[in-house]
Amino acid sequence: MTDIERMFSPKAVALIGATDKEGTVGEATLKNLLQGKGKHAVYPVNPSHTTVAGLKCYPNIASIPEHVDLAVIATPAKSVPQVVEECGVAGVDGVVIISAGFREIGPEGAKLEEEIKGIRAKYGIRLLGPNCVGFARPSIRLNATFLRDSPEPGTIAFISQSGALGSAILDWATVSHVGFSLFASMGSMLDLDFGDLIDFLGTDPNTRSIIVYVEGIGNAKKFMSAARGFARTKPIVVLKAGKYTTGAKAVQSHTGALAGDFEVYDAAFKRVGVLRVDEIGDLFNCASVLDSRRLPSGPKLAIVTNAGGPGVVASDKITDLGGELAKLSDSSMRALNERLPPYWSHGNPVDVLGDADVDRYEHAMTTLFGDPNVDGLLAMCTPQGVTPATDLASMVVRLSKDKHKPVLTVWMGEKGVADARRKFAENSIPSYATPEEAVKTYMYMYRYRRNLDLLYETPNEIPVDLMPPNSHLRLMVRKSIADGRLLLSQADADKFLDAYNIPRLGGGFARGEEEALMIARRVGYPVVLKIVSQDIVHKSDIGGVVINITNSEMLAHEYNKLMDRVKILRPEAKIDGVYVQKMAKDIDYELILGSKKDRDFGAVLLFGSGGIGVELFRDFAIGLPPLNQVLARRMMEETTIYKALSKGLRDRPPANLKALEEVIVRFSSMIADFPEILEMDVNPLSVGDGKVFAVDVRILLDPNPIDRSSPYPHMVILPYPTKYVVPWKLEDGTDVLLRPIRPEDEAMESEFINGLSEETSRYRFFNIVRNLPHSDLVRFCNIDYDREMAIVAEITEGGRRREIGVGRLIAEPDRRRGEFAVVIADQYQTKGLGRKLVDMLIDIAEERRFESIFGVVLRDNAPMLSLCREMGFSVKYEEDYARVELALRVSSSQSGVEAQPQSQLPPAPPQSQAQSPPQQEPRESAAGISQ
Ligand code: ADP
Ligand code: MG
230 MTDIERMFSP KAVALIGATD KEGTVGEATL KNLLQGKGKH AVYPVNPSHT TVAGLKCYPN
290 IASIPEHVDL AVIATPAKSV PQVVEECGVA GVDGVVIISA GFREIGPEGA KLEEEIKGIR
350 AKYGIRLLGP NCVGFARPSI RLNATFLRDS PEPGTIAFIS QSGALGSAIL DWATVSHVGF
410 SLFASMGSML DLDFGDLIDF LGTDPNTRSI IVYVEGIGNA KKFMSAARGF ARTKPIVVLK
470 AGKYTTGAKA VQSHTGALAG DFEVYDAAFK RVGVLRVDEI GDLFNCASVL DSRRLPSGPK
530 LAIVTNAGGP GVVASDKITD LGGELAKLSD SSMRALNERL PPYWSHGNPV DVLGDADVDR
590 YEHAMTTLFG DPNVDGLLAM CTPQGVTPAT DLASMVVRLS KDKHKPVLTV WMGEKGVADA
650 RRKFAENSIP SYATPEEAVK TYMYMYRYRR NLDLLYETPN EIPVDLMPPN SHLRLMVRKS
710 IADGRLLLSQ ADADKFLDAY NIPRLGGGFA RGEEEALMIA RRVGYPVVLK IVSQDIVHKS
770 DIGGVVINIT NSEMLAHEYN KLMDRVKILR PEAKIDGVYV QKMAKDIDYE LILGSKKDRD
830 FGAVLLFGSG GIGVELFRDF AIGLPPLNQV LARRMMEETT IYKALSKGLR DRPPANLKAL
890 EEVIVRFSSM IADFPEILEM DVNPLSVGDG KVFAVDVRIL LDPNPIDRSS PYPHMVILPY
950 PTKYVVPWKL EDGTDVLLRP IRPEDEAMES EFINGLSEET SRYRFFNIVR NLPHSDLVRF
1010 CNIDYDREMA IVAEITEGGR RREIGVGRLI AEPDRRRGEF AVVIADQYQT KGLGRKLVDM
1070 LIDIAEERRF ESIFGVVLRD NAPMLSLCRE MGFSVKYEED YARVELALRV SSSQSGVEAQ
1130 PQSQLPPAPP QSQAQSPPQQ EPRESAAGIS Q
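Counting in the numbering used here, the sequence shown runs from 230 upward without gaps.
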């Protein structure tokens, strides 16, 4: 069990600040803790009482006779650091700080928080809060909150940033009999945040879905990797507050102005399979219907109804929400014509008329289930006279049993349809009071399904041999930042496009008229003149762009006019010169491609309708790097202009989408390679004559220092590290591919683990492991390449790929040491693979500047121990196992020789507390070695 697990399933709970005084938080919390009748023991702590609520009261945590897993702290803010310190000394696993009076009251409170943070880190104790309502786990009858009502048990976990809103929602849920596996209010998230809780809930058997109310996400990277791991098996539904509050920061680019917090959150959620909803009611609604086995594969809905009106309402709503009314196939139409009365609607919605009986409905629904143009069904019933509402419901339940297409139901009315609704509820068929609600839910189901498609898209790093020559750019960037020239000129920005093979128009920078004439002659008339100045961001706003200059006389004339104009309009601007560019003709579409660094999610990308009207039209999509072609296409599809790009618009031909896709992917690699880029616009990115090319490029550099301890400090999703992909041969000549593990390797990994002999399994896992659940396999396969690396050895046998070994390296929270583990399939042992994998892990550990690499080996695992000894590991025996460790930095005093080169590297910088608090996550994946 991890500390978090112990904290959330405690055997013993202490309440520090327990009291009998009515109306206090201490009293309310104690009542809740005692009322639950769960299996946990409760210890009140308060130095000024000897008994509280009839129980013995302890003066401090140290005097409690048993180990305390969870301490709930409800004492005044000032005393909290001392209390946490005492908890740390007593070895408490986790604390919940209910007390308020911290950051929210000002600098004094913030200082207290800092103090607590330090103490927490010293003892490695986990902490929820401060300034929170606490948490409750109705499924194990534990209520560590001061809420008035106890939530009912159920399968939904609810994590709320705001305690007040959380308890209001809980109130509503209690009335509606929605049950919970967990309710947690996060407070200021000094330690535990959304990512931690999702990680915990992902493996909690009582939780089927997770709903989240979030204001700000905390550690975005952690959230992304946790959500990505579990979104497929446990739907995560999020309500994000603050749709209309964007950081009112002065921005210099279109991308900066367009990509607000909300849009970025939306894109991030989508990328990791999380569904964002607009209303509180949707949170619960979606939590109960998002079953990944029954999601619509498309937006096309078919409606069956016995009354015209509600059908029309549903149709309108589906169009409003961007869905589609399914167009029925010819064979469906024939089948319906045959059996329905002549006055049926002859289309979708399928109106089976007011006198419809069970048979008629059944025939219509069976036809629609079989229609390939239909992705999902909405069955509606408006009881009229003899309508058998309950029998109809039974038929729907029976009919939908073995179907993959989802069915949603709307049985209109109250008393008359109560039995029908109960039937639907019992059989987990979504049922609504109005067509609008049903359609809205259908669209959410569809969106969730679409998000899930993206989960396994792990874009590659650019292969090393295709690496763009970019070192000179790195130097240029550094120099510009040092000189305080943060806005790169177009001529410098062009160099980036050229390095990454993004086509652009010919052109160049000219300091004066003569030079301008020369460049124009080189690129060929007609040309465009553009003013170049650090102080002018949007050139055409001040008449700084002159197009269609056809000859040298005209150029000379326009050049002088341009200079005069700019001097009058922007007298303070220091003018560097002009950019002379080839004039593009026959442009079909103007697009924008941009990037900016978001406060929470790091670098983001933007694609949309461009030109001078970008901010007016606001037609764009946000994505997160890295991108591959699929993800790039998805971004395009999300814009309105995509329709024109894919199909053409009036006399304009469609765009070359493949070329566009490629440009977007290259752009994304460029952004990944340059954390120094703060904002960048390519606007317009023009499309014409079957080509895509950049016309106007602007790069704004980040003056803040960049954390260089990882290659992608500005990204929350890491690319697939292709540099570790190595073809290799076993000693017997068998070809093996060594490569980092991928999320989609789950099935292969499972087969591999199940195929291990008992001995090998025990050597690796310390017991015999078979049929690991999905939640464990996700942990093995969907890894954060920054924190962990797993190299699988794969062979191809009869066209099928098989895993024959895997080596894993996990960084300790402080990143000074890495724990490794290796396991090889029995029939492939003693062929040199174990040595190769350990060697690769040593290499990776060195590259990450770890001080050492260590592992735990069972005492009787002689082959591994001898391999480690041979490779220079020290071996220390402890009870049943041995600890093997290899120092990666040789200190000269010890070895008596000159330090090896790697020891001259600066020590890895300590990780900043704010970004990545130490992790105490399950480490099972690194334990044990077998080869
Ligand atoms: P800014 O965005 O700073 O105003 P741009 O270089 O983007 O300056 O120019 C503004 C507009 O002028 C572009 O959106 C495009 O429509 C047009 N334009 C600029 N350069 C060219 C060119 N070389 N060929 C054709 N049209 C151009
Ligand atoms: Mg522009």
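Glycine is no exception: its CB is placed at the ideal position from the N, C-alpha and C atoms.
Cα-Cα, which of Lys-250, Met-1069, Arg-991, Tyr-494 is closest to Asn-1090? Looking only at Lys-250, Met-1069, Arg-991, Tyr-494, the smallest Cα-Cα distance to Asn-1090 is reached by Arg-991.
Measuring straight from C-alpha to C-alpha, what distance separates Leu-1066 and Gly-773? 60 Å
Cβ-heavy atom distance between Asn-912 and the ligand MG below 7 Å? yes
One question on the structure: do Ile-385 and Ile-440 come within less than 8 Å of each other, judged by their Cβ atoms? In this structure, the beta-carbon distance from Ile-385 to Ile-440 falls below 8 Å.
Tell me whether the region 536–546 and the region 647–660 touch, counting them as touching only if at least three CB pairs, one residue from each stretch, are closer than 8 Å. no
Could you give the residue range of the alpha helix (DSSP H) that holds Thr-338? It is worth fixing the name first, because residue 338 is Gly in this sequence and not Thr. It spans 336–352 - the alpha helix (DSSP H) in which Gly-338 sits, taken as one unbroken run.
In or out: Tyr-572 buried (at least 16 other Cβ within 10 Å) or exposed? Only exposed fits Tyr-572, as fewer than 16 other CB atoms lie within 10 angstroms of its CB.
Should Asp-925 be counted as a contact of the ligand MG given a C-beta to heavy atom distance under 7 Å? yes
At a threshold of 7 Å, does Asp-770 count as lining the ligand ADP (C-beta to nearest heavy atom)? Within the cutoff, so yes.
If you draw a straight line from the C-alpha of Phe-981 to the C-alpha of Gly-527, how long is it? 35 Å
Looking at the strands, I want to know which residues DSSP matches up with Gln-810. Note: Gln-810 sits in a beta bridge opposite Gly-736, Val-757.
Would you list the one or two residues that DSSP bridges to Asp-549? DSSP, once it has assigned bridges, lists no residue as partnering Asp-549.
Would you kindly check if the distance between the Cβ of Gln-481 and the Cβ of Val-766 is under 8 Å? Yes, the Cβ-Cβ distance between Val-766 and Gln-481 is below 8 Å.
Three or more C-beta pairs below 8 Å linking the region 587–598 and the region 551–565: Taking 8 Å as the limit for Cβ pairs, the verdict is that the region 551–565 does touch the region 587–598.
Measuring only from the beta carbon, is Lys-920 closer than 7 Å to any heavy atom that is part of the ligand ADP? no
Can you say whether Ser-410 is buried or exposed, counting buried as having 16 or more other CB atoms within 10 angstroms of its CB? buried
Should the region 781–790 be regarded as contacting the region 874–892, the criterion being three or more beta carbon pairs within less than 8 Å? no
What are the boundary residues of the alpha helix (DSSP H) that Leu-512 is part of? For Leu-512, the enclosing alpha helix (DSSP H) has its first and last residue at 509–518.
To test your reading of the DSSP string, which unbroken alpha helix (DSSP H) runs of 4 or more residues are found completely within the region 762–803? 781–798
Same chain, Cβ closer than 7 Å to Asn-275, five either side skipped, listed in chain order: Gly-246, Ala-247, Thr-248, Val-281, Cys-286
Within the present structure, is the beta-carbon of Gln-810 separated from the nearest heavy atom of the ligand ADP by less than 7 Å? yes
Might you give, ordered along the chain, the residues of its own chain that have their beta carbon closer than 8 Å to the beta carbon of Glu-978, omitting 5 neighbours on each side? Ile-970, Leu-1006, Phe-1009, Cys-1010, Val-1021, Glu-1032, Val-1035
For Leu-758, is the beta carbon positioned less than 7 Å from some heavy atom of the ligand ATP? For the ligand ATP, the structure offers nothing, since it holds only the ligand ADP and the ligand MG.
To the nearest angstrom, how far is the alpha carbon of Ala-1050 from that of Met-944? 28 Å
Quick one: what's got a C-beta closer than 7 Å to Gln-858's C-beta in the same chain, skipping five residues either side? Glu-890, Val-894.
Select from Asn-602, Pro-942, Ser-875, Val-321 the residue whose C-alpha is nearest the C-alpha of Ser-561. Asn-602
Cα-Cα separation, Glu-234 to Met-672: Whole-angstrom Cα-Cα distance: 36 Å.
His-767 beta carbon near the ligand ADP (any heavy atom closer than 7 Å): Yes, the beta carbon of His-767 sits closer than 7 Å to at least one heavy atom of the ligand ADP.
Please look up how many angstroms separate the CB atoms of Asp-910 and Thr-432, rounded, as I've assumed it's under 8 Å. That pair is no contact at about 43 Å.
Val-503: first and last residue of the uninterrupted alpha helix (DSSP H) it sits in: It is not in any alpha helix (DSSP H) - Val-503 carries neither H nor E in the DSSP assignment.
Should the region 952–967 be called in touch with the region 908–922, which here means at least 3 C-beta pairs below 8 Å? no
Runs of beta strand (DSSP E) lying entirely within the region 620–700, each at least 3 residues, in chain order: 636–640
Would you grab the beta carbon distance between Asn-360 and Glu-333 for me? Rounded to a whole angstrom, and I think it's under 8 Å. A Cβ-Cβ separation of about 6 Å places Asn-360 in contact with Glu-333 under the 8 Å criterion.
Is it a yes or a no for the region 362–374 touching the region 340–348, going by three-plus beta-carbon pairs under 8 Å? no
Is Ile-841 near the ligand ADP - that is, is its Cβ less than 7 Å away from at least one heavy atom of it? yes
What is the rounded straight-line gap between the Cα of Arg-993 and the Cα of Pro-1092? Approximately 13 Å, taken between the alpha carbons.
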